[in-house]
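Undergrad: When the letters of the sequence shown are read in order and numbered with my numbering, they come out as residues 1423 to 2074.
Positions of the beta carbon are idealized from the N, C-alpha and C atoms, including for glycine.
In this text, all values refer to a predicted model and were calculated from it rather than measured experimentally.
Quick one: the structure is below, questions incoming.
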Amino acid sequence: MATHAREGNKNLVSCDDISKARSGLGDSERCKPRPVLRLEERLRHCLVTTFCLRGRSGLPSSDAFDDALQHEESDEENAQKVVEETLAQLAQMVRPYHDLLALLHHGYHHLLSRLHRRIKKLLLSESMAGHGACGGPDRKSCLDLRILHQDLQQRQQDLLNEVASLSYDLTKAESDLTKELRRAEDAKDEKNKMEILLLEARVEAGGLRKKLERYTQEGEAADPQLLTIALKKCREEVSARGRRVEEMERQYREVVPRADFERQQRRLASLTATHQQVVLVHDLLKEQHETLLNAHEVVVIERDSLSEENLSLRRAATPRPDWNRVAEYVEGGISRWRELSYGRTSDQTVDILISELTGSQLTTSTEFIDCKGTEASVPAYLRYEGSVRNRRLGKRDLMHLIDDIWREKRKSSNKEPMDVFVDKYFRERYHLEEVRAEWCYSLADACQRLAHEEQIGLFWGILCGQVQEEVYHHQVDIVQSLYGALKSRDPQDLGLVSRDVVRTIIKSIFPLKSQEYLQVLMDIVGRAASLKDPNAIKYHNLFVQGGGAGAGAGARTPLVTAIVQQARDEQDVYIQELLDELGYAAMDVAVTELSRAFTMVDPRIEQRNLDAYLEWVFNTPRDQLRSTPPIPLPLLAARLQTGHIVRVGAKT
């Protein structure tokens, strides 16, 4: 006991040490705030009262041991409370007060020393009871205490074993529940619910674990019945949650995930809308089919009626002459004669025949033409009020007039539309408005009458805006380029070049021309061979006829006609490939689709040429092509036919 007392006194700090610590303050107390001084005084008073007074009393007697122990515990609790409050208030002040911190350090040091002293006293009393320190009549009570102590130790060991068993069962139940919840997590529709159940189970398991830890703390008695009831309750809750999980799995086994359900709903709505559109198209086609059937029945009835009338007229009417024999004397052949004579009486047919043979209109034709007015919708060259005399231009006069208009337009490199240029052309030559209108309306009337002629029809289409003007310029340019190339190979101006030179020049100017077309041109070239040297070609005869250049005069030479016709055929093939690339199933064609078709059929096409083609086909300025709506396929094909569409390279 003396040894333990000496070891305890080593860790004590005397009141003199505290007084010495206080005496070293000096004048620094004057600079301290009042709350700090009050806090320091309170802590010093508590430490002095608790440790200095009771530290000198020594060990208590055997009779008053319990009372002294209780008083010491009460004083220690009060001192601990004061120290904790002082630390809390000091943390709020946030200033490094060294003296106050030193007092707190000494206070905690004395408190720990007091606790060690109390533990040693308890160990000392236990050793005295174990070695039979009591004698006389207290010997039996000491034996009973020893037996009671052994029983308590055995009971404590049993409780510890029971707590360990409960901990193992709780851990196993928690692991089983975790496995069940993890299996339940595989279902998409129950993922969130399983996570919630797992979280709740973990929270409850944590609470139970804390309860077990509290029961197993040293100095407290664990109740085995309470632990048994808690374990039973835990097992019941685990089994109940397992049944709930199984019930939820059984109920939600055939539940469809919301994402799949919404996706199927969107697909159903799309299919329903498509079905409704198809039904509407079907009904429309059905109505059109019924209309066509009705029209077909009407046409069949009308055909039968006309057939009967034709038979009756054949039996009763006077036979008419065979007017088709006149076709070989009319320019344009049988096809043009049928156009002129269709639906005409014999008297009218005779007038048409005389007009074609003489090249002039009969006096019975219209002498005056009613003008169309001055509205903005009327072409510029036809804007006039009243009526003008019809000059009844013949074919020869009309061809000379058209050639002169083209010559002036190409000379001035005018980019205006043809109707504006024609108006300007006649205004410069005829200052009287009436005379100008007379020539303009006579030109339009003659072009309408003689539109079957190729060059007149081309000029009339350009004048009406139905044909692109570059078509004519391209025809003239290729002929002139061929003529210029041949003339450059004749530096002495003899008018002769070899047949091989002509073939080479034609191949260089028309690299995409097929061997068949090339042979046709060479056959025509062979007709202009010199009588002295069949290998020498008189190339002037290939382009000159009737005293004028074939590129600008009215009549074209066979070579120029063949070149123009082959260019038209090649354009038709090119357009057909474009339509095949687009596909005839397409109803409307957009700018991007036609642009893609051009690049697929003609990979070497340049962007400026492509923009020019698109600008003509869609009748839209180049800067607005991106916003142009699609156009129907028939209209697109018609504008391709009337436009300047030329292949650049071969299709790969």
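Taking buried to mean at least 16 other C-beta atoms within 10 Å of its own C-beta, is histidine 1853 buried or exposed?
TA: exposed
Undergrad: Quick check on isoleucine 2067: does DSSP put it in helix, strand or coil?
TA: coil
Undergrad: Would you tell me roughly how many angstroms separate the C-alpha atoms of cysteine 1656 and threonine 1650, rounded to the nearest one?
TA: 10 Å
Undergrad: Quick test of the definition: if touching needs 3 or more C-beta pairs under 8 Å, does the stretch 2062-2071 touch the stretch 2016-2029?
TA: yes
Undergrad: Count the other C-beta atoms from every protein chain shown that fall within 10 angstroms of the C-beta of phenylalanine 1487, then say buried if there are 16 or more, exposed otherwise.
TA: In this prediction, phenylalanine 1487 has a pLDDT of 47, which is less than 50 and means its spatial position is unreliable; nothing more can be read from the coordinates.
Undergrad: Tell me, please, which residues DSSP counts as bridged to tyrosine 1806.
TA: Gly1795
Undergrad: Just verifying my parser: in three-state terms, what is the DSSP assignment at aspartate 2010?
TA: strand
Undergrad: Report the three-state DSSP secondary structure of isoleucine 1927 (helix, strand or coil).
TA: helix
Undergrad: Quick check on aspartate 1845: buried or exposed, where buried means 16 or more other Cβ atoms within 10 Å of its Cβ?
TA: buried
Undergrad: Any idea what DSSP makes of phenylalanine 2020, helix, strand or coil?
TA: helix
Undergrad: Would alanine 1501 pass as a contact of leucine 1544 if the rule is Cβ separation under 8 Å?
TA: no
Undergrad: Flag this pair as yes or no: are the beta carbons of glycine 1917 and tyrosine 1863 separated by less than 8 Å?
TA: no
Undergrad: With 16 other CB atoms within 10 Å as the buried threshold, where does arginine 1851 fall?
TA: With a threshold of 16 other beta carbon atoms within 10 Å, arginine 1851 falls short and is exposed.
Undergrad: With three or more beta-carbon pairs closer than 8 Å as the criterion, would you say the stretch 1883-1892 touches the stretch 1924-1940?
TA: Touching, no.
Undergrad: Pull up the CB-CB distance for glutamate 2015 and leucine 2004, whole angstroms please, since I reckon it's below 8 Å.
TA: 6 Å
Undergrad: Within the chosen definition, does the stretch 1796-1806 reach the stretch 1858-1874 through at least 3 CB pairs nearer than 8 Å?
TA: yes
Undergrad: If you draw a straight line from the alpha carbon of valine 1660 to that of proline 1679, how long is it in whole angstroms?
TA: 28 Å
Undergrad: Would DSSP call glycine 1972 helix, strand or coil?
TA: Model confidence at glycine 1972 stands at a pLDDT of 36, short of 50, so the residue's coordinates are unreliable; what they give is reported in the following sentence. It is coil, neither helix nor strand.
Undergrad: Can histidine 1874 and glycine 1754 be called in contact, C-beta distance under 8 Å?
TA: In this structure, histidine 1874 lies near glycine 1754, with their beta-carbon atoms less than 8 Å apart.
Undergrad: Report yes if the CB atom of cysteine 1793 is closer than 8 Å to the CB atom of glycine 1808, and no otherwise.
TA: yes
Undergrad: Assign glycine 1629 to buried or exposed, taking buried as 16 or more other Cβ atoms, counted over all protein chains shown, within 10 Å of its Cβ.
TA: exposed
Undergrad: For tyrosine 2006, is the classification buried or exposed, using 16 other Cβ atoms within 10 angstroms of its Cβ as the cut-off for buried?
TA: exposed
Undergrad: At what residues does the alpha helix (DSSP H) containing lysine 1837 begin and finish?
TA: Neither: lysine 1837 is in no alpha helix (DSSP H) and is coded neither H nor E.
Undergrad: Is it buried or exposed, methionine 2095, if we count other Cβ atoms within 10 angstroms and call 16 or more buried?
TA: Coverage of the chain is limited to positions 1423 through 2074, which leaves residue 2095 absent and any answer about it impossible.
Undergrad: Going by DSSP in three states, alanine 1951 sits in which element: helix, strand or coil?
TA: strand
Undergrad: Return the first residue and the last residue of the alpha helix (DSSP H) that valine 2156 is part of.
TA: What the structure shows of the chain is the stretch from 1423 to 2074, and residue 2156 is not part of that stretch, so it cannot be assessed.
Undergrad: Could you spell out the range, first to last residue, of the alpha helix (DSSP H) harbouring valine 1919?
TA: Residue range 1918-1920 is occupied by the beta strand (DSSP E) that includes valine 1919, with no alpha helix (DSSP H) assigned at that position.
Undergrad: Can you tell me where the beta strand (DSSP E) holding alanine 1958 begins and where it ends?
TA: Counting along the chain, the beta strand (DSSP E) containing alanine 1958 begins and ends at 1958-1960.
Undergrad: Given that a residue counts as buried once 16 or more other Cβ atoms are within 10 Å of its Cβ, and exposed if not, what is valine 1995?
TA: Exposed, since its Cβ has fewer than 16 Cβ neighbours within 10 Å.
Undergrad: Count the other C-beta atoms from every protein chain shown that fall within 10 angstroms of the C-beta of isoleucine 1959, then say buried if there are 16 or more, exposed otherwise.
TA: buried
Undergrad: Are the stretch 1891-1911 and the stretch 1983-1992 touching by the rule of at least three beta carbon pairs closer than 8 Å?
TA: yes
Undergrad: Give a yes or no on whether the C-beta atoms belonging to arginine 1663 and leucine 1702 are separated by under 8 Å.
TA: Taking 8 Å as the cut-off, the Cβ atoms of arginine 1663 and leucine 1702 do not count as close.
Undergrad: What would DSSP say about isoleucine 1790, mapped onto helix, strand or coil?
TA: The sequence given here places phenylalanine at residue 1790; isoleucine does not occur at that position. DSSP places phenylalanine 1790 in strand when its eight states are reduced to three.
Undergrad: Does DSSP classify proline 1420 as helix, strand or coil?
TA: Residue numbering for the chain in the displayed model covers 1423 to 2074; residue 1420 lies beyond these limits and cannot be assessed.
Undergrad: What separation, rounded to the nearest whole angstrom, lies between the Cα atoms of valine 1458 and arginine 1539?
TA: 32 Å
Undergrad: Run through DSSP, which three-state label would arginine 2048 get?
TA: coil
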